[in-house]
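Participant: Heads up: the sequence shown runs through residues -21 to -1, 1 to 362, numbered per mature numbering (1 follows the signal peptide of the UniProt record, and there is no 0).
The beta-carbon is built from N, C-alpha and C at its ideal position, and this holds for glycine as well.
Please find one structure pasted underneath; my questions will follow.
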Amino acid sequence: MRSLFSLSLLLALPYAAVASAPENFTVKVLGVDANEGCDIADFDGDGKLDVIAGRNWYRNGDWLPRPVRFFEDANGYVHSNGDFAMDVNGDGKMDVVAGDFFQGRVNWYENPGSPAIQQGFLWKEHNLIDTKLTTNEATVMVDLDGDGVDEWVTNQWNPKNPLLACRFTKNDKGEPQLTSFKIGDRNGHGIGVGDINNDGRIDILVGQGWYEGPEGGPWSSAWTFHEDWSDHLPCPMLVTDVNGDGKNDIIASKAHGFGLWAWIANGTDKDGKLLFEQKMIDDTFSQAHALHLADLDGDGKDDLVTGKRVRAHNGNDPGGKEPPVLNYYTWDAAGNFTRHTINRGEVGIGLQIRTADIDGDGDIDIVVPGKDGTQILFNPLKD
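Below is the structure:
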């Protein structure tokens, strides 16, 4: 298929409306150490959801930090750019997989189980792969081949570095490892996964364009690259049908500047290229580096959750020294967005936003990491 993207900017399209009052989310500070990743899972087997965030995990109830691993800070950045909870070795306990901005090593940390996990023992480190890539912006884990196991896909801020998808396999000793497959040679700041040309196959979006999922399956051949844009885009971009017309749209942002928008699918031109219209959602804050979908208002539909990444480039980005903010956005059937302020002045984001009903009250809560620490924001919907 030929290049499938043509973008028109409709300046007349309105920005998001603003809800009348801020949402009354309760902030629980878990830790104040700089950290960019987090995840939510039951790590101690008590049936309650805990939080893992970089160096520590936090037990539901007392929320005290208990150590997982050590890593260092480096010139305003931490040697950790994302946490992914999963039972890596199949022993019934939730472990964590983590990567690094500046090193190609992807490690998993083995949950020691009770009583060691409550007593503060460090989790044993195991290496899964060393990609040798040193410009790792962020990672998504997604099931590309439909086998029920997510692949590890890491975005490279260097656009000339390859895009790799790494599958969980076993080494000669029967131990877990990651085996890499090269999607293609192009990359660039930003990543997303979804079917953007509506052919029923998963595509991968990066900062300088997108890869078209091959007809024979994800491992059948190199993916066709369409060099259709070039920008510092978020991690992740979101592929979803915003206006309910049956065609997938893209929600994206200027990850290191101002601007949060939707690219609305608008059919194809005479050559079969996909057409998109850019609809600005919000440009009142900068560094909306991570985007997330979750139903925060309980209406059964996903909402857009994002915020300002705290000191993303150590305060050197446009708006980098302005106060942090965390928002969610609802939208109607016509794709008109409304902004709801979750928190302003206290809480921003890092590289990941996680959501779940942490306190078991029937609504969806939020966990965010960042250079100011890790926080839970408890949803007041069912209070």
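How far does the beta strand (DSSP E) with K258 in it extend, from its first residue to its last?
Facilitator: 253 to 265
Participant: With respect to the beta strand (DSSP E) encompassing E89, which residues constitute its N-terminal and C-terminal limits?
Facilitator: 84 to 89
Participant: Buried or exposed for P303, going by 16 or more other Cβ atoms inside 10 Å?
Facilitator: buried
Participant: Just to confirm my understanding: we take V(-4), look at its own chain, exclude 5 residues before and 5 after, and list those with CB closer than 6 angstroms. What are they?
Facilitator: Cβ neighbours of V(-4) beyond the five flanking positions: R318.
Participant: Report yes if the C-beta distance between G196 and D122 is below 8 angstroms; otherwise report no.
Facilitator: no
Participant: Please state whether DSSP places R34 in a helix, a strand or coil.
Facilitator: coil
Participant: Just the C-alpha distance for T134 and M216, rounded to the nearest angstrom, thanks.
Facilitator: Just to set this straight, residue 134 is Asn in the shown sequence, not Thr. Between N134 and M216, the C-alpha separation is close to 12 angstroms.
Participant: Return the bridge partner residues of A241 from the DSSP annotation.
Facilitator: I230, K258
Participant: Beta-carbon within less than 6 angstroms of V132's beta-carbon, same chain only, minus the 5 sequence neighbours each way: which residues are those?
Facilitator: Once the five neighbours on either side are set aside, the close Cβ partners of V132 are V119, A144.
Participant: What residue range does the beta strand (DSSP E) around Q135 cover?
Facilitator: 130 to 135
Participant: What three-state label does DSSP hand R48 in the structure shown?
Facilitator: coil
Participant: Using 8 angstroms for Cβ pairs, my map puts N177 next to E191. What's the rounded Cβ distance?
Facilitator: The C-beta distance from N177 to E191 rounds to 12 angstroms, too long to fall under 8 angstroms, and the pair is not in contact.
Participant: In the DSSP assignment, what are the bridge partners of F63?
Facilitator: V76
Participant: Please confirm whether residue 406 and L184 have their CB atoms less than 8 angstroms apart.
Facilitator: The chain is shown only over -21 to 362; residue 406 falls outside these bounds and no answer can be derived.
Participant: Starting from the C-beta of L(-11), find all residues in its chain whose C-beta is less than 8 angstroms away, skip the five residues before and the five after it, and write them out in chain order.
Facilitator: Bear in mind that a pLDDT of 41 at L(-11), under 50, signals an unreliable position, so the model cannot answer this.
Participant: Tell me whether R165 sits in a helix, a strand or coil according to DSSP, three-state version.
Facilitator: coil
Participant: Tell me, please, whether the segment 243 to 262 touches the segment 321 to 331 by the rule of three or more beta-carbon pairs shorter than 8 angstroms.
Facilitator: no
Participant: What is the rounded straight-line gap between the Cα of residue 374 and the Cα of G92?
Facilitator: The question about residue 374 has no answer, for the chain in this structure spans -21 to 362.
Participant: Answer yes if the segment 264 to 272 comes into contact with the segment 217 to 231, meaning at least three C-beta pairs across the two stretches below 8 angstroms, and no otherwise.
Facilitator: At 8 angstroms Cβ cutoff, the stretches touch.
Participant: Quick check: the Cα distance between P46 and L254, rounded to an integer number of angstroms?
Facilitator: Rounded to whole angstroms, the separation of the alpha carbons of L254 and P46 is 49 angstroms.
Participant: Taking 8 angstroms as the threshold (C-beta atoms), are A95 and C214 in contact?
Facilitator: no
Participant: How would you write the range of the beta strand (DSSP E) that C214 sits in, first residue to last?
Facilitator: Per DSSP, C214 belongs to no beta strand (DSSP E) and is neither H nor E.
Participant: Using only the alpha-carbon positions, how far apart do D296 and N54 sit?
Facilitator: Distance between D296 and N54, taken at the CA atoms: about 16 angstroms.
Participant: Among residues of its own chain, excluding the 5 on either side of R48, which ones have a beta-carbon nearer than 7 angstroms to its beta-carbon?
Facilitator: R34, Y88, L101, W102, E104
Participant: Return helix, strand or coil for S159, following the three-state DSSP convention.
Facilitator: DSSP places S159 in strand when its eight states are reduced to three.
Participant: Spell out the partners DSSP gives R146 in its beta bridges.
Facilitator: T158
Participant: Beta carbon of L212, beta carbon of G186: below 8 angstroms?
Facilitator: yes
Participant: Assuming T110 is part of the beta strand (DSSP E), what are its boundary residues?
Facilitator: Element bounds for T110: n/a, residue is neither H nor E.
Participant: Quick check: the Cα distance between V128 and I345, rounded to an integer number of angstroms?
Facilitator: Spanning the two alpha carbons is a distance of roughly 25 angstroms.
Participant: Can you grab the Cα-Cα spacing for the pair D52 / F22, in whole Å?
Facilitator: 26 angstroms
Participant: To which residues of the same chain is P141 closer than 6 angstroms at the C-beta, ignoring the five residues directly before and after it?
Facilitator: K161, D164
Participant: Which one or two residues does DSSP pair with R290 in a beta bridge?
Facilitator: Answer is none; R290 lacks a bridge partner.
Participant: Can you pull the DSSP bridge partners for R323?
Facilitator: V304
Participant: Nearest-angstrom Cα distance between D351 and T263?
Facilitator: 21 angstroms
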